[in-house]
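Below is one structure, written out as structure tokens; the observations come after it.
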Amino acid sequence: MKWINSSKWLAAWICILFAVASAGLQPDTAHAHTTGVMQATYGTEVNQALNGLDVANAELSLSATASTAITNGTDWKDTAGNPIQANSGNILKVGSTYYWYGEHAENWKFEKVNVYTSTDLKNWSFRSSILTKDSAPELNSSKIERPKVIYNKTTGKYVLWAHYENGMDYSLGRVAVATSDTPDGNFAYQGSFRPLNYESRDMTVFTDTDGSGYLITASRKNGGANDTMAIFKLTADYTGVQSFVGWIFENGYREAPAVVKKNNTYYLFTSQASGWYPNQGAYATASSMTGSWSALSPFGDPAAYGSQIHSIATITGSAGTSYIYMGDRWNPLNLSDHKFIWLPLTLNDSNKTATLNWYSSWDLDAATGTVILPSLVNHAQGKTATASSAASSSPASLANDGNAQTSWKAASASWPAWWQVDLGSTKTISEVDISWFMYKGSEAYYKYKIEYSTDGVNYSTIDRTGNTTYGFTSDKVNFQARYVRINLVNAVLFNNPNNWYTPTVHEVRLLGN
Ligand SMILES: [Ca+2]
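Here the numbering used here is used: position 471 in the sequence shown is 471, and no number is missing along the way.
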């Protein structure tokens, strides 16, 4: 918004109106509740506009405030009030400081790999751009995706790995490597290549406790791009690939790999490959990076809560260790509309399972390494549910059974349809989370209404027919009701002119105190 500096009266006022309107109207994401992040977001824009106008008695007293929570789906700003540009990267701890690396793209082309620093993981200061499109000629028009920085204890070097493509398409299938003596210095570009001549697209690197480094990447085994993942062992200095370890998820078309180790178990998380649409994430476990790996198990809901995993941060403090699921929420309708999704990830040692639940806002104590969850209750779970119709094996009760993998499905593909729950008594509801059915290749967003009533006769309506978010919606609300009805007005399919879906909902969560 540089044009504000020219102090054009009308333009500046339009900016104010836009900023205020943006702050007040959040019908799609419905994340308009006040948080530190949101105050910083809109406060800066409004204040810039007001400064340009030199308005003395502004009643808008929004100002940048320290973030006291991790609030998902909102626009995250750094401590200077600028948008955090760091998608699909990772977090590395150096001393007592966390370094958050990520990519900044413009018009689908590489601009920079940025690094931000923090000690509390909630307030991030921009530190530097460690690699830019000017760092090497072949970066000038390129794609650099999923950058990951690891540290080599032997050489004392920080090593950046990323997926490299030309600026036009995804035909090269290479990795790129750069190195630095410091975590935030200019990284010296080492070039791009195919690891041992295998194709490599979505990738990550992982450093094991014994010092071994690994590249895990979406590769090609049987003919299709991304058909099978491959694991490679890195050279001792982490700047190259030493050997091919093995294939995994053959013909599984998985991407977005992320690895974390807890005690003696390795967890490898991936997404399906469905362009920029969200999909069901899944993970496998092993007792060694060389395998063998278990079968895939799903985590989260069928849209990974509207995100794609890129990394898992391990946060160790005085009281223990916590794990942060770091995901990107891409908007396939507008790629510049990117959001960060960070959620606490639970890794269960005894049965080697991973659990990912949704929290619109949660807190983390970096000093103790502990997660602080909101004290909200899902009033819908297990309560009596009914629907306009139900397929024989998909009763209404499967949309509030606490399991995002099961679903209520209507008896036929006729729209609209409705699903309703009786909470048993009047409850105060502050958030409505819905995990919607999607079909890969014909993804859809849903036009819907939230209807609520205290007596089951007179209903009020929250109109969400303007929704364009795929897979998972989270609406901030504030009402009292015993009966809550989700009216499925229509589904809008991307790769299809018609809506052939049968109305289906995986899970409805009605949160309140
Ligand atoms: Ca369910």
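Note that CB positions come from ideal geometry on N, CA and C, so glycine has one too.
Close-in-space but distant-in-sequence residues of the same chain around residue i (CB under 7 Å, 5 per side omitted)
i            : result
tyrosine 277 : Pro332, Glu443, Tyr470
tyrosine 514 : Absent from the structure is residue 514, since the part of the chain shown begins at 1 and ends at 513.
Where residue i falls, given that 16 or more other Cβ within 10 Å makes a residue buried
i              : result
glutamate 45   : Since pLDDT at glutamate 45 reaches only 37, below the 50 mark, its modelled position is unreliable, and no value is offered.
tyrosine 42    : Confidence at tyrosine 42 is low in this model, with a pLDDT of 32, below 50, so its placement is unreliable and the value that follows should be read with caution. Buried: at least 16 other Cβ atoms inside 10 Å.
proline 195    : buried
tryptophan 500 : exposed
isoleucine 231 : buried
serine 171     : exposed
serine 425     : exposed
threonine 209  : exposed
glycine 456    : exposed
glycine 275    : exposed
aspartate 328  : buried
glutamate 250  : exposed
tryptophan 441 : As written in the sequence, residue 441 is glycine, which differs from the tryptophan given in the question. Its Cβ having fewer than 16 others within 10 Å, glycine 441 is exposed.
valine 175     : buried
valine 377     : exposed
aspartate 337  : exposed
glutamine 85   : buried
proline 302    : buried
aspartate 169  : exposed
leucine 511    : buried
proline 27     : With a pLDDT of 30 at proline 27, under the threshold of 50, the modelled position of that residue is not reliable, and the figure given next carries that caveat. Under this definition proline 27 is an exposed residue.
Identity of the residues DSSP links to residue i by a beta bridge
i              : result
serine 311     : Met326
glycine 102    : Asn114
proline 83     : Lys77
alanine 282    : Thr270, Pro298
tryptophan 342 : Met326
arginine 254   : Gln272
isoleucine 372 : Asp363
serine 135     : For serine 135, which the question treats as bridged, DSSP gives no partner whatsoever.
threonine 316  : Thr321
tyrosine 305   : Paired residues: none, contrary to the question.
alanine 385    : Val421
arginine 174   : Tyr164
leucine 347    : Ala354
Limits of the unbroken beta strand (DSSP E) element including residue i
i                 : result
lysine 447        : 444 to 453
phenylalanine 269 : 265 to 272
glutamate 199     : Element bounds for glutamate 199: n/a, residue is neither H nor E.
methionine 229    : 228 to 234
glutamate 165     : 157 to 166
glycine 191       : 188 to 193
phenylalanine 472 : 472 to 493
leucine 356       : 353 to 356
glutamine 420     : 417 to 436
leucine 511       : 504 to 512
tyrosine 214      : 213 to 219
glycine 402       : Glycine 402 -> no beta strand (DSSP E), and no H or E assigned at all.
lysine 440        : No beta strand (DSSP E) holds lysine 440; DSSP gives it neither H nor E.
alanine 391       : Where alanine 391 is concerned, there is no enclosing beta strand (DSSP E), given that its DSSP letter is neither H nor E.
valine 457        : Unbroken run through valine 457: none, as it is neither H nor E.
glycine 246       : 241 to 248
Cβ-heavy atom distance, residue i to ligand 2, below 7 Å
i           : result
leucine 398 : Looking at this structure, you won't find ligand 2 anywhere; what it does contain is ligand 1.
Close-in-space but distant-in-sequence residues of the same chain around residue i (CB under 8 Å, 5 per side omitted)
i             : result
aspartate 349 : Lys262, Asn263, Thr265
serine 142    : Lys109, Phe110, Lys133, Tyr164, Glu165, Asn166, Gly167
alanine 391   : Lys409, Ala410, Ala411, Thr502
threonine 290 : Ile231, Val245, Gly246
Cutoff 6 Å; reference residue i; Cβ partners in own chain excluding five residues on either side
i              : result
tyrosine 158   : Val149, Tyr151, Ser180, Pro183
asparagine 400 : Ala380, Gln381, Ala385, Val421, Val508
serine 292     : none
valine 492     : Ala444, Tyr445
threonine 217  : Ser200, Met203, Ala230
alanine 258    : Thr204, Phe269, Ile309, Ser311, Ile312
serine 361     : Ala69, Thr71
threonine 285  : Thr265, Tyr267, Ser294, Lys352
glycine 300    : Gly281, Leu356
tyrosine 305   : Trp358, Phe472
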